[in-house]
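Using my numbering, you'd call the opening residue of the sequence shown number 96 and step up by one each time.
Step one of this worksheet: look at the structure below.
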Amino acid sequence: MFKKIGITLIVLLVLVIAAGVGAVMYVKPTEKLDLKFNEVPLMERALTMIKNLRTSFVLSEADIDNIGKAAIRLKPEYQPGVLITGARFNLEGERLVAHLNLKLKDRLPVGIVIYYKLEWNNPNLVAKVDEAKLRGITLSKGYFDDIVIPLGSELPELLHIKGIVIDKGNVVVSIRKPTLRELRVLIEQKVKRQAG
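What follows is the structure in structure tokens.
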């Protein structure tokens with residue numbers, strides 16, 4: 096009888112260990128991601144836009160990826176015990192998709208995908224959580240925070256963003272039309288930068 100109980104306990108222990116290993120393997124990230132990014136020259140794009148008398152400029156999907164990674168690098172600890180170790184951002188229709196590799200409690204690697212709706216809330220681009228998934232399993236949105244990207248502060252002082260629109264895999268940033276005085280000040284700033 097004790098032999099049967101011992102065998103049953105060993106089988107249960109093996110099943111629990113196998114389930115634990117299976118769970119760890121299931122939540123493990125499916126792609127290697129990092130937080131390396133290239134600076135997006137927003138100031139130069141804004142000045143070129145003004146020079147060409149346009150009122151909008153385009154952020155490509157690569158630009159959005161770089162801006163998102165830069166924002167995460169400023170604060171990689173998402174919550175206490177949750178560190179973002181890698182990210183990839185892309186656009187799907189009207190939504191921003193964040194593929195994130197996390198490390199929980201400095202031990203457990205987890206890969207999740209969070210879908211955001213983009214909104215302009217002057218002076219920030221705000222990505223509001225729309226949906227979150229762990230390998231196809233829907234997670235509660237309440238576990239995740241919105242992302243605030245200070246896009247307006249990256250532009251020259253006199254430029255003000257009017258709004259954003261997602262169009263064909265790009266984010267089109269519309270600028271309030273500057274006054275002649277504002278244009279003159281911006282051109283003077285660019286000339287000083289080129290001279291100095």
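All C-beta atoms in this analysis are idealised placements derived from N, C-alpha and C, irrespective of residue type, glycine included.
C-beta atoms of residue i and residue j nearer than 9 Å
{"i": "I244", "j": "K228", "result": "no"}
{"i": "D225", "j": "Y173", "result": "no"}
{"i": "N219", "j": "P124", "result": "no"}
{"i": "R276", "j": "T150", "result": "no"}
{"i": "I145", "j": "L246", "result": "no"}
Among the options, nearest to residue i - alpha-carbon criterion
{"i": "R190", "options": "T274, K198, I259 and P218", "result": "I259"}
{"i": "R279", "options": "V268, L110 and P251", "result": "P251"}
{"i": "S269", "options": "L186, Q289, E214 and L234", "result": "E214"}
{"i": "L199", "options": "N216, N185, N217 and L178", "result": "L178"}
{"i": "N265", "options": "L203, I159 and T150", "result": "I159"}
{"i": "D262", "options": "N185, L128, E249 and N216", "result": "N185"}
{"i": "F132", "options": "V267, I105, N161 and S155", "result": "N161"}
{"i": "E126", "options": "K98, P204, P171 and I100", "result": "P204"}
Beta-carbon separation (whole angstroms), residue i vs residue j, contact threshold 8 Å
{"i": "G181", "j": "L130", "result": "6 Å"}
{"i": "Y210", "j": "V221", "result": "Not confirmed; about 14 Å, so no contact."}
{"i": "A166", "j": "I242", "result": "6 Å"}
{"i": "E249", "j": "L137", "result": "4 Å"}
{"i": "I256", "j": "N216", "result": "Not quite, the Cβ-Cβ distance comes to about 10 Å (not below 8 Å), so this is no contact."}
{"i": "V153", "j": "V267", "result": "6 Å"}
Where residue i sits in the DSSP three-state scheme
{"i": "V106", "result": "helix"}
{"i": "T180", "result": "strand"}
{"i": "D201", "result": "coil"}
{"i": "N217", "result": "coil"}
{"i": "G264", "result": "coil"}
{"i": "D158", "result": "helix"}
{"i": "K212", "result": "strand"}
{"i": "R296", "result": "For the chain, the structure presents residues 96 to 291; residue 296 sits outside this window and is missing."}
{"i": "G206", "result": "strand"}
{"i": "K233", "result": "At residue 233 the sequence reads Thr, which differs from the Lys that was named. Looking at T233 - three-state DSSP - the assignment turns out to be strand."}
{"i": "R276", "result": "helix"}
Outcome for residue i when other beta-carbon atoms lying within 10 angstroms are tallied against a minimum of 16
{"i": "I102", "result": "exposed"}
{"i": "A141", "result": "buried"}
{"i": "I232", "result": "exposed"}
{"i": "K164", "result": "buried"}
{"i": "E187", "result": "exposed"}
{"i": "E134", "result": "exposed"}
{"i": "E283", "result": "exposed"}
Any chain C beta carbon closer than 9 Å to residue i
{"i": "L254", "result": "The question asks about chain C, but that chain is absent: this structure has only one protein chain."}
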